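So the number in the working numbering is just where the residue sits in the sequence shown, counting from 1, plus 15. Heads up, the beta-carbon is just placed ideally off N, CA and C, and yes, glycines get one too. Remember, predicted model here, so these are calculated numbers, not experimental data.
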Amino acid sequence: MERRFVTVNGRQVHYARAGRGLPVVLLHASPGDWRPLRELAAELARSFTVYALDTPGHGGSDPLPAPDPDMAGYGAALGETLTALGLDRVHLYGTHTGAKIALSLAAARPELVASLVLDGVGVSTPEERADQLAHYLPPVEPRSDGGHLVAAWHQVRNMFLYWPWYDERAASRLTAAPPPASYLHEVTTGLLEAGANYPLAYRAAFTCDPVPLLARLTVPTLVLASPADPLHAHLARLPAHRLQLETSASGTPALASRIHTHATSHTPSGAASSSCTAPSGAGSSRAASSGAVPPSTAGRVEGVSRRYVPTRLGQLLVRAAGPADGSGRPLVILPPAPASGRAVTDLLTEVGRHRPAFALDLPGTGDSDLAAWPGPGPRDGLPGTGGSYLAAEAGSGLRDEIVLAVGDALDALGVDGVDIYGIGAGAVVAVAVARLGPGRVRALALAGLPDPAVLTESEACARTPDLVPDEHGTHLLRAWHLVRDGGLGTGLPELPGGRPDLAELHRRTLDLARSWRTYAAAFRAVAAWPGEPPVPVVAADPVWDPFTAGAVRAAPGHDGTGGVASLLKALDDAAG
Numbered sequence: 016m017e018r019r020f021v022t023v024n025g026r027q028v029h030y031a032r033a034g035r036g037l038p039v040v041l042l043h044a045s046p047g048d049w050r051p052l053r054e055l056a057a058e059l060a061r062s063f064t065v066y067a068l069d070t071p072g073h074g075g076s077d078p079l080p081a082p083d084p085d086m087a088g089y090g091a092a093l094g095e096t097l098t099a100l101g102l103d104r105v106h107l108y109g110t111h112t113g114a115k116i117a118l119s120l121a122a123a124r125p126e127l128v129a130s131l132v133l134d135g136v137g138v139s140t141p142e143e144r145a146d147q148l149a150h151y152l153p154p155v156e157p158r159s160d161g162g163h164l165v166a167a168w169h170q171v172r173n174m175f176l177y178w179p180w181y182d183e184r185a186a187s188r189l190t191a192a193p194p195p196a197s198y199l200h201e202v203t204t205g206l207l208e209a210g211a212n213y214p215l216a217y218r219a220a221f222t223c224d225p226v227p228l229l230a231r232l233t234v235p236t237l238v239l240a241s242p243a244d245p246l247h248a249h250l251a252r253l254p255a256h257r258l259q260l261e262t263s264a265s266g267t268p269a270l271a272s273r274i275h276t277h278a279t280s281h282t283p284s285g286a287a288s289s290s291c292t293a294p295s296g297a298g299s300s301r302a303a304s305s306g307a308v309p310p311s312t313a314g315r316v317e318g319v320s321r322r323y324v325p326t327r328l329g330q331l332l333v334r335a336a337g338p339a340d341g342s343g344r345p346l347v348i349l350p351p352a353p354a355s356g357r358a359v360t361d362l363l364t365e366v367g368r369h370r371p372a373f374a375l376d377l378p379g380t381g382d383s384d385l386a387a388w389p390g391p392g393p394r395d396g397l398p399g400t401g402g403s404y405l406a407a408e409a410g411s412g413l414r415d416e417i418v419l420a421v422g423d424a425l426d427a428l429g430v431d432g433v434d435i436y437g438i439g440a441g442a443v444v445a446v447a448v449a450r451l452g453p454g455r456v457r458a459l460a461l462a463g464l465p466d467p468a469v470l471t472e473s474e475a476c477a478r479t480p481d482l483v484p485d486e487h488g489t490h491l492l493r494a495w496h497l498v499r500d501g502g503l504g505t506g507l508p509e510l511p512g513g514r515p516d517l518a519e520l521h522r523r524t525l526d527l528a529r530s531w532r533t534y535a536a537a538f539r540a541v542a543a544w545p546g547e548p549p550v551p552v553v554a555a556d557p558v559w560d561p562f563t564a565g566a567v568r569a570a571p572g573h574d575g576t577g578g579v580a581s582l583l584k585a586l587d588d589a590a591g
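Printed below as a string of structure tokens:
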């Protein structure tokens with residue numbers, strides 16, 4: 016699926032899109048993001064154009080501005096998002112929290128909804144609601160021992176063992192087996208990424224009584240739940256005389272088939288086609304029938320914005336900041352892989368006050384793909400790997416592809432004659448990008464340059480072990496201590512007063528966990544030095560990098576240390 020952003024009232028909404036045909040919009044359950052709906056989306060994309068949205072505050076979507084939004088607020092935000100996407104009328108599916116968001120929109124703005132499928136609708140008594148609000152939503156508070164990661168894993172795993180998850184009495188035990196570790200990993204990392212935002216949509220769902228909203232519906236509605244769903248019992252609490260209630264068959268193909276049947280049965284004859292355009296009233300989109308990309312923005316984003324650009328290795332996530340008039344020579348920041356661009360957000364923001372600035376998640380790190388590498392790579396099903404990336408086999412071939420992919424990203428951004436600031440593994444990539452051709456790069460700012468005499472290929476592999484999810488979540492602890500222990504020798508990031516910045520350790524750990532299959536690839540592949548820089552070099556301030564600790568060498572060239580002002584002046588002097 017292709018991932019994109021749309022901007023709604025200055026707030027970015029992340030979604031994934033695939034297929035052709037009438038528009039079907041999928042809304043995920045809390046506390047995760049769109050990823051658990053990936054298989055369902057792929058099935059439906061055979062017949063429809065599928066949009067899988069991240070709930071505000073989850074995944075890549077910015078939170079709503081209200082401090083404690085209610086379900087009406089989430090429903091209204093969904094309507095604004097559909098309008099920004101150019102979707103006039105859609106077939107809408109939501110599960111659990113997503114079901115109540117879908118219901119809220121359909122009740123308030125039926126003209127936007129051609130048909131509605133609600134999968135798992137909670138109908139709580141006042142006593143149940145009070146108990147859920149009191150116990151269901153423990154905060155995510157990073158701990159120095161990484162115990163908060165295991166607590167989140169336990170919380171998510173228990174959601175498939177007990178209902179509610181915190182009630183471990185035998186009477187609350189669910190009978191279905193829990194999903195595989197890879198699925199639990201996606202939901203858990205979704206919860207951890209949402210952090211302080213994850214309780215908001217939950218609270219809105221718990222406090223929303225769906226029965227009055229269901230009574231107002233005028234759109235064709237199917238309410239279902241599988242026998243394994245703890246909310247299956249809640250079907251009996253719904254007004255059956257007004258609704259189509261069903262026990263759904265287990266499995267993604269069966270669910271996709273039922274959604275397909277419901278949507279097509281409420282599509283006028285002749286409206287269903289392979290086009291993205293449909294007659295009004297049948298489910299329609301203003302997106303071009305050729306499958307053209309809907310608008311990526313609908314207004315300016317203040318501060319740092321995000322977008323995806325295509326490369327030979329898949330989509331690459333770019334964060335951007337800069338003056339409103341776009342003036343100045345662009346600075347491209349390549350973070351210290353395996354960290355994502357989040358590691359340089361403060362730097363990006365500061366540089367963006369003076370000139371256009373871009374921070375790239377290198378291929379395979381953060382939210383960037385490593386999907387189209389033709390050589391050794393992801394091996395789903397290979398014994399002992401869990402589908403993780405065996406980057407030790409890739410060597411310089413993958414490094415060259417990563418460098419070319421960064422070049423693709425610069426082309427997609429429409430920038431040339433740039434300065435590049437590379438840190439750690441990003442510094443090696445920066446030098447190699449400068450060697451792609453004359454004029455592409457004016458000057459380099461380098462920090463934390465890996466020393467190939469110390470950071471050999473075998474050492475790089477030793478510093479980036481497998482993080483394959485296991486059923487007890489211990490891989491998250493391994494990731495935490497990998498990050499924490501890597502910085503002990505050179506010092507951990509600190510808060511005022513000298514205490515470790517646990518929030519930064521948490522973010523760096525999530526960078527690894529989110530891209531566990533490929534997180535090591537860029538770091539391992541760039542262990543070898545690509546050759547001398549062909550452009551002037553500025554020595555820059557380092558960014559904390561636990562993976563190159565004790566294995567860096569000084570950068571030659573002009574001194575650009577001492578802050579952003581010194582850096583930019585040194586780059587200007589170096590570039591002439």
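**Asked** Exposed or buried, E201, counting other C-beta atoms within 10 Å across all chains shown (16 or more means buried)?
**Response** Within the sequence shown, the letter at position 186 stands for residue 201. E201 should be labelled buried.
**Message:** Rounded to the nearest angstrom, what separates A352 and V541 at their Cα positions?
**Reply:** By 1-based counting over the sequence shown, the position of residue 352 is 337. By 1-based counting over the sequence shown, the position of residue 541 is 526. Answer to the nearest angstrom: the Cα atoms are 10 Å apart.
**Backbone CA spacing between S84 and P195 [nearest angstrom]** = Here residue 84 refers to the residue found at position 69 when the sequence shown is read from its first residue. Here residue 195 refers to the residue found at position 180 when the sequence shown is read from its first residue. In the sequence as presented, Ser is not what sits at residue 84; that position holds Pro. The alpha-carbon atoms of P84 and P195 are separated by roughly 33 Å.
**Through-space distance from A569 to T70, alpha-carbon basis** = Position 55 of the sequence shown holds residue 70. Position 554 of the sequence shown holds residue 569. Answer to the nearest angstrom: the Cα atoms are 44 Å apart.
**Request:** Could you give the DSSP three-state label for L503: helix, strand or coil?
**Result:** Residue mapping note: residue 503 aligns to position 488 of the sequence shown, counting from 1. Residue state, collapsed to three classes: coil.
**Request:** Count the other C-beta atoms from every protein chain shown that fall within 10 angstroms of the C-beta of P465, then say buried if there are 16 or more, exposed otherwise.
**Result:** Here residue 465 is taken as the residue at index 450 of the sequence shown, counted from 1. Classification of P465: buried, given that the 10 Å Cβ count is 16 or more.
**Request:** Label Q259 either buried or exposed according to how many other C-beta atoms from any shown protein chain fall within 10 Å of its C-beta, with 16 as the threshold for buried.
**Result:** For the purposes of this step, residue 259 is taken as the residue at position 244 of the sequence shown. Classification for Q259: exposed.
**Request:** Within 10 angstroms of the Cβ of T489, are there 16 or more other Cβ atoms? Answer buried if so, exposed if not.
**Result:** Your numbering for residue 489 matches position 474 in the sequence shown. Counting Cβ neighbours within 10 Å, T489 comes out exposed, since fewer than 16 surround it.
**Asked** Can you list, in chain order, the residues of its chain whose CB lies under 8 Å from that of R53, leaving out five sequence neighbours each side?
**Response** To locate residue 53, count along the sequence shown from 1; it is residue 38. Around R53: M16, A31, A67.
**Item:** When L328, G329, G343, R322 are compared against A335, the one with the closest alpha-carbon
**Value:** By 1-based counting over the sequence shown, the position of residue 335 is 320. Closest option to A335, Cα to Cα, is R322.
**Request:** Specify, as a first and last residue, the run of the beta strand (DSSP E) that Y108 falls within.
**Result:** Reading the sequence shown from its first residue, position 93 is the one you call residue 108. That run of the beta strand (DSSP E) goes 102 to 110.
**Message:** Using a 10 Å radius around the Cβ and a threshold of 16 neighbouring Cβ atoms, would you call E183 buried or exposed?
**Reply:** Working through the sequence shown from its first residue, we reach residue 183 at position 168. With fewer than 16 Cβ atoms within 10 Å of its Cβ, E183 is classed as exposed.
**Prompt:** Given that a residue counts as buried once 16 or more other Cβ atoms are within 10 Å of its Cβ, and exposed if not, what is G367?
**Reply:** In the sequence shown, the residue the question calls residue 367 occupies position 352. So G367 counts as buried.
**Prompt:** Can you check whether the CB of G412 is closer than 7 Å to the CB of T249?
**Reply:** As a first step, residue 249 is located in the sequence shown; it is residue number 234 there, counting from the start. As a first step, residue 412 is located in the sequence shown; it is residue number 397 there, counting from the start. According to the sequence displayed, residue 249 carries His and not Thr. Result no, Cβ atoms of H249 and G412 do not sit closer than 7 Å.
**Asked** According to DSSP, what are the bridge partners of T326?
**Response** On the sequence shown, residue 326 is found 311 positions in, with the first residue counted as 1. T326 is bridged to G329.
**Message:** Cutting at 8 Å between CB atoms, please list the residues of its own chain near P254, excluding the five before and the five after it.
**Reply:** The residue labelled residue 254 in the question sits at position 239 within the sequence shown. Only V226, L229, A230 meet the Cβ criterion.
**Message:** Helix, strand or coil, according to DSSP, for E156 in the structure here?
**Reply:** The residue labelled residue 156 in the question sits at position 141 within the sequence shown. Of the three classes helix, strand and coil, the one that applies to E156 here is coil, per DSSP.
**Short Cβ contact (7 Å threshold) for V23 with V105** = Here residue 23 refers to the residue found at position 8 of the sequence shown. Here residue 105 refers to the residue found at position 90 of the sequence shown. The answer is no: Cβ separation not under 7 Å.
**Asked** Who are the Cβ neighbours of G578 in its own chain at under 6 Å, not counting the five residues just before and after it?
**Response** The count along the sequence shown starts at 1 and reaches residue 578 at position 563. Excluding positions up to five away in sequence, the list is empty.
**Same chain, Cβ closer than 6 Å to D382, five either side skipped, listed in chain order** = Your numbering for residue 382 matches position 367 in the sequence shown. Contacts found: L332, D376.
**Asked** Does DSSP classify L55 as helix, strand or coil?
**Response** To locate residue 55, count along the sequence shown from 1; it is residue 40. L55: helix per DSSP, three-state reduction.
**Message:** Give the list of continuous beta strand (DSSP E) stretches no shorter than 3 residues that lie fully inside the stretch 457 to 526.
**Reply:** none
**Item:** Presumed contact (8 Å Cβ cut-off) between V552 and L461, rounded CB distance
**Value:** For the purposes of this step, residue 552 is identified with residue 537 of the sequence shown, where counting begins at 1. For the purposes of this step, residue 461 is identified with residue 446 of the sequence shown, where counting begins at 1. Yes, they are in contact, since the Cβ atoms of V552 and L461 sit about 6 Å apart, within 8 Å.
**Prompt:** Out of curiosity, what's the CA-to-CA distance linking D340 and L425?
**Reply:** Position 325 of the sequence shown, counting from 1, holds the residue named residue 340. Position 410 of the sequence shown, counting from 1, holds the residue named residue 425. In a straight line, the C-alpha of D340 is about 19 Å away from that of L425.
**Contact check, L492 vs G210, beta carbons under 7 Å** = Locating residue 492 in the sequence shown gives position 477, where the first residue counts as 1. Locating residue 210 in the sequence shown gives position 195, where the first residue counts as 1. For L492 and G210, no; Cβs fall outside 7 Å.
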